[in-house]
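**Q**
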Amino acid sequence: MSAPKRNLPHDKAWRILNECTWGTLSLILPDGMPYATPVNAVLDDDDHSLWFHCRRGGTRAGALAQNPNVCYTAVAHVQMPEEKYTTWYESAMVHGTAEFVTDEALVRERLAWMSRKLAPEWEMKRLDEVIDTYIHAVQFVKITPQSWSAKQNRDK
19 MSAPKRNLPH DKAWRILNEC TWGTLSLILP DGMPYATPVN AVLDDDDHSL WFHCRRGGTR
79 AGALAQNPNV CYTAVAHVQM PEEKYTTWYE SAMVHGTAEF VTDEALVRER LAWMSRKLAP
139 EWEMKRLDEV IDTYIHAVQF VKITPQSWSA KQNRDK
């Protein structure tokens with residue numbers, strides 16, 4: 019349980035999620051064991067959904083097919099001031115339901131959108147070629163948030 023003074027307003031959760039280019043996705047494997055893995059995820063500002071991709075037929079896809087309930091956590095602005103013997107950070111957590119996106123046109127659109135958000139400095143000259151190469155190897159996933167929270171440790 020976090021200290022109440024560390025809790026942040028909900029809008030800060032969306033800011034943190036928008037700033038982070040990766041986080042930890044936690045889910046339950048078909049055998050009931052917990053599984054957490056780092057993923058690139060992108061926040062949709064319109065509906066606050068999170069989007070990521072995984073290998074078609076891989077561990078994540080298999081787990082999500084059995085149980086779509088997930089938790090995604092992102093941590094930003096980490097500092098470890100030696101004189102304080104602590105870690106300063108901001109974090110956001112989303113609990114939600116994951117669903118596979120099967121519409122190929124939407125997957126293409128979202129892969130391009132995700133690439134531009136994660137690497138805005140890239141020229142994207144080969145983006146269509148890369149999407150064509152991998153579109154049938156990846157499974158695109160949308161997380162619809164059910165609850166979210168944010169906290170920070172910035173005690174100075």
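With positions in the sequence shown counted from 1, the corresponding number in the working numbering is that position plus 18.
Idealized CB from N, CA, C, for every residue including glycine.
Note that the structure is predicted; figures quoted are calculated from it, not measured.
For L81, report the span of its alpha helix (DSSP H) as first-last.
**A** This sequence places Ala at residue 81; Leu is not what is there. 77-84 is the extent of the alpha helix (DSSP H) around A81.
**Q** I'd like the ranges of any beta strand (DSSP E) spanning at least 3 consecutive residues and lying wholly in the segment 52-123.
**A** You should have 52-57, 68-73, 87-97, 106-119.
**Q** Output the boundary residues of the beta strand (DSSP E) element that contains A31.
**A** Taken as a continuous stretch (DSSP letters only), A31 belongs to no beta strand (DSSP E), being part of the alpha helix (DSSP H) at 28-37.
**Q** Who are the Cβ neighbours of T162 in its own chain at under 6 Å, not counting the five residues just before and after it?
**A** Same-chain partners within the cutoff: S67, G114, T115.
**Q** By the three-class DSSP mapping on this structure, what secondary structure does K160 have?
**A** Residue state, collapsed to three classes: strand.
**Q** At what residues does the alpha helix (DSSP H) containing I46 begin and finish?
**A** Run containing I46: none in the alpha helix (DSSP H); it sits in the beta strand (DSSP E), 41-46.
**Q** Counting only the same chain and skipping the five closest in sequence on each side, list residues whose C-beta sits under 7 Å from that of R24.
**A** Cβ neighbours of R24 beyond the five flanking positions: K169, Q170, N171.
**Q** Following the continuous alpha helix (DSSP H) through E147, name the residue where it begins and the one where it ends.
**A** Looking at the DSSP string, the run of the alpha helix (DSSP H) that includes E147 is 145-152.
**Q** Go ahead and label V96 buried or exposed: buried means 16 or more other beta carbons lie within 10 angstroms of its beta carbon, across all protein chains shown.
**A** By the neighbour-count rule (16 or more Cβ atoms within 10 Å), V96 is not buried but exposed.
**Q** CB-CB under 7 Å to S133, same chain, minus the five flanking residues each way: which ones, in chain order?
**A** Excluding sequence neighbours, S133 sits near M142, L145.
**Q** With DSSP as the reference, label W166 as helix, strand or coil.
**A** If DSSP states are grouped into helix, strand and coil, W166 belongs with the strands.
**Q** Going by the CB atoms, is the gap between V57 and L43 shorter than 8 Å?
**A** Contact: yes.
**Q** Could you check if W69 is buried or exposed, using at least 16 other CB atoms within 10 Å of its CB as the buried criterion?
**A** That one is buried.
**Q** Across the segment 35-55 and the segment 76-96, are there enough close Cβ pairs to call them in contact, namely three or more that are closer than 8 Å?
**A** The segment 35-55 is in contact with the segment 76-96.
**Q** Counting only the same chain and skipping the five closest in sequence on each side, list residues whose C-beta sits under 6 Å from that of W40.
**A** If we look at W40 and ignore the five residues flanking it on each side, its Cβ neighbours are P56, N58.
**Q** Rounded C-beta distance between F158 and V125? I'm assuming under 8 Å.
**A** Confirmed, Cβ separation roughly 5 Å.
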